[in-house]
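Asks: Here you go, one structure.
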Amino acid sequence: MSYADAVQRALDYIEDYLDDDEALDLAALAEEAYASVAQLYRMFYALTGHPVKDYIRKRRMSVAANHLRYSKRTVEELAGESGFASYHAFAKVFKKIVGLTPAAYRSAGIHYSFEPIRLGEQFAYMEDKEQSERFPDIKVIRFQPGTMAAYLHISEQEAGMENEAFRIVYEKLAVNGSAVKRKTRIFGYNVDLPNVDGHPRYGYRVLVLTNEPSLPDGDFEEEPFPGGLYAVRKIAAASPETVQDGWNRLVSEWLPKSSFELGRPPYIEEFIAYNGKVTRMHLFLPVLRKRHRESIEIVRLSERRAYCFRGYGEEAQTLAEQRLMDWHATGRADCGERRVANEDRYYMSFPYGVREAADYWWENGFISAPQELALNTAPTASWDGPEERRFDAGDYACCVTKTYGLLTGVLDNMHRWIAASESYRLDEGRQWYAEYRALPGMDVERDTIVSIYLPIRPSREHHP
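Here's what the structure looks like:
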């Protein structure tokens with residue numbers, strides 16, 4: 006048996022008997038790992054980075070912290086369950102590890118979590134110091150391939166379907182006690198479903214990883230899980246906006262600056278619950294080692310005409326995207342009002358770096374080919390179609406990349422590149438834009454190519 010297998014057996018044993026102080030005797034733990042106590046100490050610390058006793062203590066404090074936050078159990082009860090002879094001994098260790106007394110933690114705004122270590126998920130990789138310091142909340146793990154129990158939840162509305170799917174599955178698992186097992190893990194991801202009689206349907210597939218020999222008949226089916234590399238971020242399970250912000254941080258900010266690129270979907274969410282109530286979520290983004298880094302080059306473009314929908318305010322992006330989708334849904338893009346919708350050349354733009362501004366805006370639209378510039382009808386006062394936009398001729402810094410969400414990370418890199426350049430500076434008088442191009446048969450989400458154009462002009466120092 007390898008050292009890793011031996012230590013993982015010890016880790017699993019700790020989870021099984023975390024509430025049983027007698028069963029967690031070090032001699033019994035060493036026996037489970039097929040090692041002497043001295044060997045266990047060395048192997049455990051080498052592979053986890055924690056002395057075995059400290060690890061047990063931190064896991065118990067993490068469980069106790071959950072009870073304190075989400076139940077009415079007394080500190081005295083939790084002290085006994087955590088292996089302490091007195092309230093004072095428990096409170097002293099709790100404060101040392103968590104930083105607050107048990108009483109203060111109940112109503113504090115912080116959340117302490119020390120989750121089980123799974124050696125099979127550990128993956129060695131190097132990021133530069135700046136990347137590590139900027140994204141301390143994100144790490145890359147390796148999921149081992151295997152088989153999970155799958156349940157497909159179908160909803161007529163998209164909002165809230167993830168939590169509803171989790172609730173249904175949790176109740177089904179509670180029938181045979183699987184839901185309360187610490188080793189039971191519940192994941193989920195979105196599934197595209199065809200419309201029925203013109204009505205949209207939304208799917209969310211829930212995956213259950215458990216050691217239980219059987220699950221409720223007829224409700225679950227086995228599904229192979231391919232495993233692979235995933236970037237993971239842990240978030241509080243609050244509003245849908247918090248979850249979306251979590252995904253944006255992974256896709257738009259972390260991924261473009263990392264040494265990884267987007268892997269094959271699905272994007273996976275893990276639900277961490279207490280008595281059926283979701284308290285936290287883990288977001289898993291599939292990634293691959295990046296084969297090359299995107300380069301930035303200087304290009305000279307002629308004037309380009311575009312047509313767009315623009316939204317303003319906090320909901321600017323949602324408003325612009327909805328107007329574009331509504332326009333398509335009415336068939337106006339193809340009915341001759343304006344021949345402007347070259348569907349394989351969408352663009353988007355927004356004021357980079359000024360999200361909090363009162364006049365924040367967002368554009369979604371089309372770049373028009375020369376033969377599409379003529380208007381078939383003149384706009385009227387009641388015209389609700391796209392607005393005409395012109396991107397001026399001139400020099401642009403161009404980066405061809407993948408669809409990294411809001412492209413924040415790529416834009417950060419490009420602005421830094423311009424700031425470090427002695428030959429060029431940003432041209433504030435012209436608008437930047439990102440042009441999306443998807444070829445027929447391509448995976449739109451994974452394979453779409455994005456060309457980002459930032460307007461620049463020569464520095465005065467080089468052009469007196």
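Residues are numbered in the numbering used here as their position in the sequence shown, beginning at 1, plus a constant of 5.
Here a beta-carbon is modelled for each residue, glycine too, at the ideal position from N, C-alpha and C.
1) Give a yes or no on whether the C-beta atoms belonging to L431 and I423 are separated by under 9 Å.
2) My understanding is that A402 touches E368, with C-beta atoms under 8 Å, so please give their C-beta distance in whole angstroms.
3) Thinking C-alpha only, which one of L212, V42 and V237 is nearest G251?
4) Over the uninterrupted beta strand (DSSP E) stretch that includes L29, give me the two end residues.
5) Can you check whether the CB of Y352 is closer than 9 Å to the CB of P261?
6) Return the Cβ separation of A278 and Y175 in integer angstroms, given the expectation that the two are a contact with Cβ distance under 8 Å.
7) Which runs of the beta strand (DSSP E) fall wholly inside the region 267–352 and span at least 3 residues, in chain order?
8) Within the same chain, show all residues whose beta-carbon is closer than 6 Å to that of E1, passing over the 5 residues directly before and after it, in chain order.
9) For the alpha helix (DSSP H) containing I102, name the first residue and the last one.
10) Using beta-carbon positions only, say whether Y209 and A170 come within less than 9 Å of one another.
11) Measuring alpha carbon to alpha carbon, tell me which of N71, V12 and D202 ends up nearest E36.
12) Quick one: Cα of S120 to Cα of R305, how far?
13) Quick check: the Cα distance between F355 and M6, rounded to an integer number of angstroms?
14) Who are the near neighbours of E299 in its chain, counting only those whose CB is closer than 6 Å to its CB and skipping five residues on each side?
15) Since P463 is in the beta strand (DSSP E), which residue starts that stretch and which ends it?
16) May I ask which residues mark the beginning and end of the beta strand (DSSP E) holding D470?
17) What is the C-beta distance between L83 and I61, in whole angstroms, given that I count them as a contact (C-beta under 8 Å)?
18) Got a sec? Which residues, its chain only, sit under 7 Å from E86 by beta carbon, not counting five neighbours each side?
19) Take every Cβ of the region 101–120, pair it with every Cβ of the region 69–84, and state whether three or more of those distances are shorter than 8 Å.
20) Taking the CB atoms as reference points, tell me whether R310 and R206 lie closer together than 9 Å.
21) Output needed for E161: all residues of its chain with C-beta closer than 8 Å, excluding positions within five of it in sequence on either side, in chain order.
22) Excluding the 5 residues flanking N168 on each side, which residues of the same chain have their C-beta closer than 8 Å to its C-beta?
23) Quick check: the Cα distance between L178 and K63, rounded to an integer number of angstroms?
24) Which ranges does the beta strand (DSSP E) cover as unbroken runs of at least 3 residues, wholly within the region 196–262, from first to last along the chain?
25) Nearest to G268 by CA position, among V248, R285, R294 and S244, is which residue?
26) Does the beta-carbon distance from E302 to A398 come in below 9 Å?
27) Terminal residues of the continuous alpha helix (DSSP H) containing R147?
28) Would I461 be called buried (16 or more neighbouring beta carbons within 10 Å of its own) or exposed?
29) Reducing DSSP to helix, strand and coil, say where A379 ends up.
30) Going straight from the alpha carbon of R139 to that of Y429, what length do you get?
31) Using the Cα positions of R465 and S456, report the straight-line distance between them to the nearest angstrom.
32) Work out the CA separation of T79 and T247 for me, nearest whole Å.
33) Keeping to the same chain, check which residues put their C-beta closer than 6 Å to that of G316; ignore five residues upstream and five downstream.
34) Give the secondary structure of D417 by DSSP, where H, G and I count as helix, E and B as strand, and everything else as coil.
35) Pick from D26, E20 and L16: whose alpha carbon is nearest that of Y39?
Replies: Judging by the given coordinates:
1) Yes, Cβ-Cβ distance for L431 and I423 is below 9 Å.
2) With a contact defined as Cβ atoms closer than 8 Å, A402 and E368 miss out at about 19 Å.
3) Looking at the Cα atoms, V237 is the closest of the given residues.
4) Run containing L29: none; DSSP gives neither H nor E here.
5) The Cβ atoms of P261 and Y352 lie no closer than 9 Å to each other.
6) Confirmed, Cβ separation roughly 7 Å.
7) Within the region 267–352, the complete beta strand (DSSP E) runs of at least 3 residues are 273–279, 282–294, 301–306 and 309–317.
8) In the structure as shown, the chain begins at 6 and stops at 469. Residue 1 is therefore absent and cannot be evaluated.
9) In the DSSP assignment, I102 falls within the unbroken alpha helix (DSSP H) covering Y92 to V103.
10) It is a contact, given that the beta carbons lie within the stated cut-off.
11) Out of N71, V12 and D202, V12 has the C-alpha closest to the C-alpha of E36.
12) Note that residue 120 is Glu in the sequence shown, not Ser. In this structure, the alpha-carbon of E120 lies about 53 Å from that of R305.
13) F355 and M6 have their C-alpha atoms spaced approximately 56 Å apart.
14) Spatial neighbours of E299 in its own chain (CB-CB distance under 6 Å, excluding positions within 5 residues in sequence) are listed in chain order as C404 and T406.
15) Counting along the chain, the beta strand (DSSP E) containing P463 begins and ends at I454 to P463.
16) Past the edges of the chain, shown from 6 to 469, lies residue 470, and the structure says nothing about it.
17) With a contact defined as Cβ atoms closer than 8 Å, L83 and I61 miss out at about 15 Å.
18) The answer, listed in chain order, is D24.
19) The region 101–120 is in contact with the region 69–84.
20) No, they are not a contact pair.
21) Closer than 8 Å at Cβ, skipping near neighbours: H204, P205, R206 and Y207.
22) Only residues of its own chain outside the window of five on either side were considered, and among them V283 have a CB closer than 8 Å to the CB of N168, listed in chain order.
23) The alpha-carbon atoms of L178 and K63 are separated by roughly 28 Å.
24) Runs of beta strand (DSSP E) with 3 or more residues, each lying fully within the region 196–262, are found at 207–214, 226–230 and 233–241, listed in chain order.
25) The shortest Cα separation from G268 among V248, R285, R294 and S244 belongs to R294.
26) Not closer than 9 Å, so no.
27) First-last for R147: I143 to F148, but that is the beta strand (DSSP E), not the alpha helix (DSSP H).
28) By the 10 Å Cβ count, I461 comes out buried.
29) The predicted position of A379 is uncertain, since its pLDDT is 43 and thus under 50; a value taken from the coordinates is nonetheless stated next. A379 carries a coil assignment under DSSP once its states are collapsed to helix, strand and coil.
30) Y429 has its alpha-carbon roughly 27 Å from the corresponding atom of R139.
31) C-alpha separation (whole angstroms): 27 Å.
32) Taken atom to atom, the span from the alpha-carbon of T247 to that of T79 is near 31 Å.
33) Beyond the five residues adjoining it in sequence on each side, G316 comes within less than 6 Å, by CB distance, of L324, A325 and W367 in the same chain, given in chain order.
34) Helix, per DSSP.
35) The shortest C-alpha separation from Y39 is found at L16.
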